[in-house]
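S.K.: Could you have a look at this structure, given as structure tokens, before my questions?
Numbering (our numbering), first residue to last: 59 to 226.
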């Protein structure tokens, strides 16, 4: 059965604005129409739909094999600037320094280990262009999540993880 987005489009825009394209992030993006965004874990495509309305190009990666049905849903929303890739869950299948903005919304806390999380952070750093931005939102971390050990940092409140990638 083809995958359907579980939330109506307005919810995707709301989550994207509240958790991903926050005012602080938006201020750092000068010309979004010329930029490429990457979503790690696009699921049914609701946030990718919002990203595609803001950025010139939106790319999604996910472990599921529903790219065809999600692509059709996005096309029904008028999105022609979206590209979807299936991944093995161990990396980002894109060339180095090709992405301006990487985001993920309540996906990375489901990774099986802290090593898998580190790998995604390293991959995020690898694909970001110099000066690029990463916004990785975790939501509430479950008691068994391997990321629970790193959930509180001086720059982030409980249940958020703040990551600063070193400039190249």
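Built from N, CA and C at the ideal position, the CB exists for glycine as well.
1. Starting from the N-terminal side, write out each stretch of the alpha helix (DSSP H) that is 4 residues or longer and does not extend beyond the stretch 138-168.
2. Would you please state the rounded distance, in angstroms, between the beta carbons of residue 97 and residue 109? I believe it to be under 8 angstroms.
3. So, with DSSP's three-state summary, where would you put residue 80?
4. Hey, how far is the Cα of residue 86 from the Cα of residue 145?
5. Contact between the stretch 171-185 and the stretch 110-117: three or more CB pairs below 8 angstroms?
6. Find out if the Cβ-Cβ distance for the pair residue 196, residue 105 is shorter than 9 angstroms.
7. Determine the closest residue to residue 157 out of 168, 165, 182, with distance taken between C-alpha atoms.
8. Rounded to whole angstroms, what is the Cα-Cα separation between residue 177 and residue 150?
9. Report yes if the CB atom of residue 193 is closer than 9 angstroms to the CB atom of residue 80, and no otherwise.
10. Check this for me: beta carbons of residue 128 and residue 103, under 9 angstroms apart or not?
11. Mind checking which residues open and close the beta strand (DSSP E) that includes residue 195?
12. Specify, as a first and last residue, the run of the alpha helix (DSSP H) that residue 104 falls within.
13. Candidates 148, 185, 152: which alpha carbon is nearest residue 168's?
14. Our contact map puts residue 100 next to residue 131 with C-beta atoms below 8 angstroms; I'd like the distance itself, whole angstroms only.
15. Indicate whether at least one CB of chain D lies closer than 9 angstroms to the CB of residue 80.
M.R.: Straight from the coordinates:
1. none
2. 6 angstroms
3. For residue 80, the secondary structure class from DSSP, reduced to helix, strand or coil, is coil.
4. 29 angstroms
5. no
6. no
7. 182
8. 10 angstroms
9. yes
10. yes
11. 186-195
12. 104-112
13. 148
14. Not a contact, Cβ separation roughly 11 angstroms.
15. This model lacks chain D altogether; it includes just one protein chain.
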